[in-house]
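Novice: Can you keep this structure in mind? I'll have questions shortly.
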Amino acid sequence: MFDSLDSLDPTLLSPAAPQETQPRKQRQRRWHPRSFTGCFNCRKRHVKCDEKSPSCANCRRLSLDCRYESGGRFTFRAVRPAQSPRSSPRVNGKETPKPREELPQALSPEELDTAANLDIDADFETPVSHAGVDDLVLMNVSEQDTWDSQLASFFGLLPLSSPAFAEISTPDTTYYHHFIDTVSTMLIIWDTPSNSNPYRLLPRLSDSSGLLRNTMVALGAMHMANLPAMAQRNVHQRAAMEAYGFVITQLKSLRPVDEVDSELELLATTLLLCMFEKMNSADCNWKVHLEGARQIFETIYRPRPLALTANRKADQQIGSNLIAVGQTDPGLIAPMRRFLVSLMAYLDVAAACATGKGTLIPGDYWETLGGGWEYNLGAPSFQPPRAPTDRSLGQIRQSWSRLMAIQADISGFASMSVIDDNRREIMRESLARRIADWHESGPDVYVRLSTLDSIPPEESEVEVELLRAAACVQCYASACSIYLDRVATQKLCRGATEAEIATAAEYIIRLSSNFSGGLSRMAHLWSLFTAGTATTDDTQKEALRDLLTEMKSFGFKHISRALDILEYVWLQQRLYGEADYQAFTELASTALFP
1 MFDSLDSLDP TLLSPAAPQE TQPRKQRQRR WHPRSFTGCF NCRKRHVKCD
51 EKSPSCANCR RLSLDCRYES GGRFTFRAVR PAQSPRSSPR VNGKETPKPR
101 EELPQALSPE ELDTAANLDI DADFETPVSH AGVDDLVLMN VSEQDTWDSQ
151 LASFFGLLPL SSPAFAEIST PDTTYYHHFI DTVSTMLIIW DTPSNSNPYR
201 LLPRLSDSSG LLRNTMVALG AMHMANLPAM AQRNVHQRAA MEAYGFVITQ
251 LKSLRPVDEV DSELELLATT LLLCMFEKMN SADCNWKVHL EGARQIFETI
301 YRPRPLALTA NRKADQQIGS NLIAVGQTDP GLIAPMRRFL VSLMAYLDVA
351 AACATGKGTL IPGDYWETLG GGWEYNLGAP SFQPPRAPTD RSLGQIRQSW
401 SRLMAIQADI SGFASMSVID DNRREIMRES LARRIADWHE SGPDVYVRLS
451 TLDSIPPEES EVEVELLRAA ACVQCYASAC SIYLDRVATQ KLCRGATEAE
501 IATAAEYIIR LSSNFSGGLS RMAHLWSLFT AGTATTDDTQ KEALRDLLTE
551 MKSFGFKHIS RALDILEYVW LQQRLYGEAD YQAFTELAST ALFP
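Take 1 as the starting number for the sequence shown in full-length UniProt numbering and just add one per residue.
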């Protein structure tokens, strides 16, 4: 090519320039998560495997035969994501572990799971029976620890009680189990031996993204931060907001999904975020999450027939498809969907009463789409009737469902500000007639309740539960009468001039004081708040203060918000003779009192 070496450019024969001055541009590969564990196909392709059984998501997408190694190998993995914003701070490129004092302090054994402070995923290549998992529990375990291990086995977790694993305990797992064992009971309120708590089954909807799990962590941390006697509350508050922010970031980056179990997980996540905002009660962000839940709700139900029979057929077809691909337990899809519909209605009606704009989804959709009320007072889809008293509880549940439809229609009536006075009065009389008909067609337990001043001491536990449930629904009915009068007249403190309103307020306070106690009183919040907006009696105000102050110990800030609004109304009434209705509606529209 060249005649001689002399004809060459001397720069071509000089040594190459140092790499640091003229770096060679290297090939950039597209980033993707990698894993050294998982099925043979994912390990061969060096991609992340979700390690689901019997087939992972990558193999299902590529129609490959998904196989794992045999031999009973399992791998321990930390639950926290590798790129989680809640990781420990780094100093000089090394991760600095948090001091042990900063870890959340566990509650007493009666309140918090003491045997499940660890949350370790066990990836078994072959299915492991519950008996095999129970064999891993060490000897000399207390009764509480035994229950915790059974609960963990039911959720598919690995219960470990050995102190040798204490060093891998993380704050997130403490918050997670605090939600499962404590917060879930406070959310469902009627968590009794004869009922079921579907909140404890939500982890079975969670996928590898950890979206639902991190929401539970946020709720558990926020509740611990709100407990008055809890130490290091600022640590729990910071952990709750970090978990909350992590979930919001994940939600913003989600792509549309078609799997029914994924849609249910998204619906459950957004509804739990509403609960988080209700518990935090710092602003009205619950409106954003509830609107998101409405959109997901319509995505689930729009392409399917609305008739119940068609929904059940769709549930059966969905279940058979899920068996083939190894996703969520098909037996959980239909009952969990009915439960989430009732939870959506529970929050939707509460929001409608707060804003006075009607429900986001029209009609009594918890009946037409959910097949009946499944939130409070038992969940029959998860716990079928077993005793004659369950029939009475079912009647109370049905009457509450009818009352919620009236409550939702009253909120819709409040939003009709442009109709003439004659039509407005006709609609008011129609709603009042519906409330009266509701009282006349109630179950027999309501008649018995009207003859009692308090719960008889000789009553059985089941009968006490029935009386408390009946008292709760009766309080809601009286509160609906006060609520209707308030939105029709747009006036507060009407007990001073209307004997019927004063009687309804007194009845609510008496039933709440004598037929509720402890956690069951949490179900009376909206009734007590509504009674407080009508009463002018100082004795009743003091009784309401005592009831709400006692309820504040449960760690839900929206109770404090309710008392603050009532104190504002009472102060205005005392100073000026009447309260400012417009200012009240602006305050009440930011708070959620289900």
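Glycine included, each C-beta is placed from N, C-alpha and C at the ideal position.
Can you tell me whether Gly467 is buried or exposed, with buried defined as 16 or more other CB within 10 angstroms of its CB?
Specialist: As a working note, residue 467 is residue 467 in the sequence shown. The question names Gly, but residue 467 in the sequence shown is Leu. Buried, because 16 or more other Cβ atoms sit within 10 Å of the Cβ of Leu467.
Novice: Could you spell out the range, first to last residue, of the alpha helix (DSSP H) harbouring Thr215?
Specialist: Looking up residue 215 in the sequence shown gives position 215. Residues 211–226.
Novice: Skipping 5 residues on each side, what residues in its chain have a beta carbon closer than 7 Å to that of Glu367?
Specialist: Here residue 367 refers to the residue found at position 367 when the sequence shown is read from its first residue. Around Glu367: Ser401.
Novice: What is the residue span of the alpha helix (DSSP H) that Lys44 lies within?
Specialist: Your numbering for residue 44 matches position 44 in the sequence shown. Looking at the DSSP string, the run of the alpha helix (DSSP H) that includes Lys44 is 40–45.
Novice: To the nearest angstrom, how far is it from the Cα of Gly358 to the Cα of Pro456?
Specialist: Residue numbering aside, residue 358 sits at position 358 when the sequence shown is read from its first letter. Residue numbering aside, residue 456 sits at position 456 when the sequence shown is read from its first letter. If you take the alpha carbons of Gly358 and Pro456, they lie about 40 Å apart.
Novice: Restricting to runs no shorter than 4 residues, where is the alpha helix (DSSP H) found entirely within the segment 347–408?
Specialist: Correct list: 365–368.
Novice: Given Tyr507, which residues of its chain have a CB within under 7 Å of its CB, disregarding the five upstream and five downstream residues?
Specialist: Along the sequence shown, one-based indexing puts residue 507 at 507. Excluding positions up to five away in sequence, the list reads Ser478.
Novice: Can you give the Cα-Cα distance for Thr182 and Tyr199, rounded to whole angstroms?
Specialist: Counting from 1 along the sequence shown, the entry for residue 182 is found at position 182. Counting from 1 along the sequence shown, the entry for residue 199 is found at position 199. Near 11 Å, if we compare the C-alpha coordinates of Tyr199 and Thr182.
Novice: Taking only three categories from DSSP, how would you classify Asp50?
Specialist: Counted from its first residue, the sequence shown places residue 50 at position 50. Coil at Asp50, not helix or strand.
Novice: When the Cα atoms are used, what is the spatial distance from Gly555 to Leu290?
Specialist: Looking up residue 555 in the sequence shown gives position 555. Looking up residue 290 in the sequence shown gives position 290. Taking the straight line joining both Cα atoms gives about 22 Å.
Novice: Select from Val569, Gly372, Ile419, Glu277 the residue whose C-alpha is nearest the C-alpha of Thr533.
Specialist: Residue mapping note: residue 533 aligns to position 533 of the sequence shown, counting from 1. Residue Val569 is the option with its Cα nearest to Thr533.
Novice: May I have the straight-line CA-CA distance separating Glu374 from Ala221, to the nearest angstrom?
Specialist: For the purposes of this step, residue 374 is taken as the residue at position 374 of the sequence shown. For the purposes of this step, residue 221 is taken as the residue at position 221 of the sequence shown. Taking the straight line from one Cα to the other gives about 27 Å.
Novice: Which residue comes first and which comes last in the alpha helix (DSSP H) that contains Leu251?
Specialist: Stepping through the sequence shown from its first residue, residue 251 is reached at position 251. Leu251 -> alpha helix (DSSP H) spans 233–252.
Novice: Is Pro228 buried or exposed, if buried means 16 or more other CB atoms sit within 10 Å of its CB?
Specialist: Position 228 of the sequence shown holds residue 228. Flag for Pro228 reads exposed.
Novice: Using only alpha-carbon positions, find the residue among Tyr476, Ser460, Leu548, His558 that is nearest to Val438.
Specialist: Counting from 1 along the sequence shown, the entry for residue 438 is found at position 438. It should be pointed out that residue 438 corresponds to Trp in this sequence rather than to Val. Out of Tyr476, Ser460, Leu548, His558, Tyr476 has the C-alpha closest to the C-alpha of Trp438.
Novice: Can you tell me whether Lys491 is helix, strand or coil according to DSSP?
Specialist: To locate residue 491, count along the sequence shown from 1; it is residue 491. In the structure shown, Lys491 sits in coil (DSSP, three-state: anything other than H, G, I, E or B).
Novice: Please check the pair Leu264 and Arg204, which I expect to be a contact at CB under 8 Å, by giving their CB distance rounded to whole angstroms.
Specialist: Within the sequence shown, numbered from 1, the residue matching residue 264 stands at position 264. Within the sequence shown, numbered from 1, the residue matching residue 204 stands at position 204. Not really, about 10 Å apart at Cβ, beyond 8 Å.
Novice: Specify the secondary structure class of Ile189 as computed by DSSP and reduced to three states.
Specialist: Within the sequence shown, numbered from 1, the residue matching residue 189 stands at position 189. Of the three classes helix, strand and coil, the one that applies to Ile189 here is coil, per DSSP.
Novice: Is the CB-CB distance between Thr530 and Ile482 below 7 Å?
Specialist: Start at 1 with the first residue of the sequence shown, and residue 530 comes out as number 530. Start at 1 with the first residue of the sequence shown, and residue 482 comes out as number 482. Yes, the Cβ-Cβ distance between Thr530 and Ile482 is below 7 Å.
Novice: For the alpha helix (DSSP H) holding Phe297, just list the boundary residues, first then last.
Specialist: What you label residue 297 is simply residue 297 of the sequence shown in a count that begins at 1. Counting along the chain, the alpha helix (DSSP H) containing Phe297 begins and ends at 286–301.
Novice: I need the DSSP call for Arg67, collapsed to helix, strand or coil.
Specialist: For this step, residue 67 is matched to residue 67 along the sequence shown. Reduced to three states, the DSSP call for Arg67 is coil.
Novice: Using only alpha-carbon positions, find the residue among Arg302, Ala240, Leu267 that is nearest to Glu277.
Specialist: Numbered from its first residue, the sequence shown carries residue 277 at position 277. Nearest of Arg302, Ala240, Leu267 to Glu277, Cα basis: Ala240.
Novice: Could you tell me the alpha carbon to alpha carbon distance between Ala470 and Arg433, rounded to whole angstroms?
Specialist: Along the sequence shown, one-based indexing puts residue 470 at 470. Along the sequence shown, one-based indexing puts residue 433 at 433. Computed Cα separation, rounded: 21 Å.
Novice: Quick one: residues in its chain with C-beta nearer than 7 Å to the C-beta of Phe297, no 5 flanking neighbours on either side, listed in chain order?
Specialist: Start at 1 with the first residue of the sequence shown, and residue 297 comes out as number 297. Counting only Cβ-Cβ distances below 7 Å, and skipping sequence neighbours, we find Leu267, Met344, Ile361.
Novice: For the alpha helix (DSSP H) that Leu571 lies in, which residues bound it at each end?
Specialist: Walking along the sequence shown from the start, residue 571 turns up at place 571. Its alpha helix (DSSP H) spans residues 557–576.
Novice: In terms of residues, what are the limits of the alpha helix (DSSP H) holding Lys541?
Specialist: Indexing the sequence shown from 1 puts residue 541 at position 541. Per DSSP, Lys541 belongs to the alpha helix (DSSP H) from 538–551.
Novice: Over the uninterrupted alpha helix (DSSP H) stretch that includes Ala588, give me the two end residues.
Specialist: For the purposes of this step, residue 588 is taken as the residue at position 588 of the sequence shown. Residues 581–588.
Novice: Let me know the secondary structure DSSP gives Glu498 once reduced to three states.
Specialist: For this step, residue 498 is matched to residue 498 along the sequence shown. Coil at Glu498, not helix or strand.
Novice: Which class does Asp437 belong to by DSSP, given the choice of helix, strand or coil?
Specialist: Taking the sequence shown and counting its residues from 1, one reaches residue 437 at position 437. Looking at Asp437 - three-state DSSP - the assignment turns out to be helix.
Novice: CA-CA distance, Leu306 and Leu519?
Specialist: In the sequence shown, counting from the first residue as 1, residue 306 sits at position 306. In the sequence shown, counting from the first residue as 1, residue 519 sits at position 519. Only weak support exists for where Leu306 lies, its pLDDT of 43 falling under 50; the value from the coordinates is given anyway. Distance between the alpha carbons of Leu306 and Leu519 is about 36 Å.
Novice: Between the Cα of Asp538 and the Cα atoms of Ser513, Arg574, Met551, Arg510, which residue gives the shortest distance?
Specialist: Taking the first residue of the sequence shown as 1, we reach residue 538 at position 538. Ranking the options by Cα distance to Asp538, first place goes to Arg574.
Novice: Taking the alpha-carbon positions, what's the Trp147 to Ala502 distance?
Specialist: To locate residue 147, count along the sequence shown from 1; it is residue 147. To locate residue 502, count along the sequence shown from 1; it is residue 502. With a pLDDT of only 34 at Trp147, under the threshold of 50, the placement of this residue in the model should not be trusted, and no figure is reported.
Novice: Measure the Cβ-Cβ separation of Ile189 and Met522 and say whether it is below 7 Å.
Specialist: Working through the sequence shown from its first residue, we reach residue 189 at position 189. Working through the sequence shown from its first residue, we reach residue 522 at position 522. For Ile189 and Met522, yes; Cβs fall inside 7 Å.
Novice: So Arg213 packs on Tyr176, CB below 8 Å; how close in whole Å?
Specialist: Here residue 213 corresponds to residue number 213 of the sequence shown, with the count starting at 1. Here residue 176 corresponds to residue number 176 of the sequence shown, with the count starting at 1. Indeed, because the Cβ distance is near 7 Å, the residues count as touching under 8 Å.
Novice: Taking all protein chains shown into account, do 16 or more other C-beta atoms lie within 10 angstroms of the C-beta of Arg397, making it buried, or fewer, making it exposed?
Specialist: Taking the first residue of the sequence shown as position 1, residue 397 is located at position 397. Looking at its Cβ environment, which holds 16 or more other Cβ atoms inside 10 Å, Arg397 is buried.
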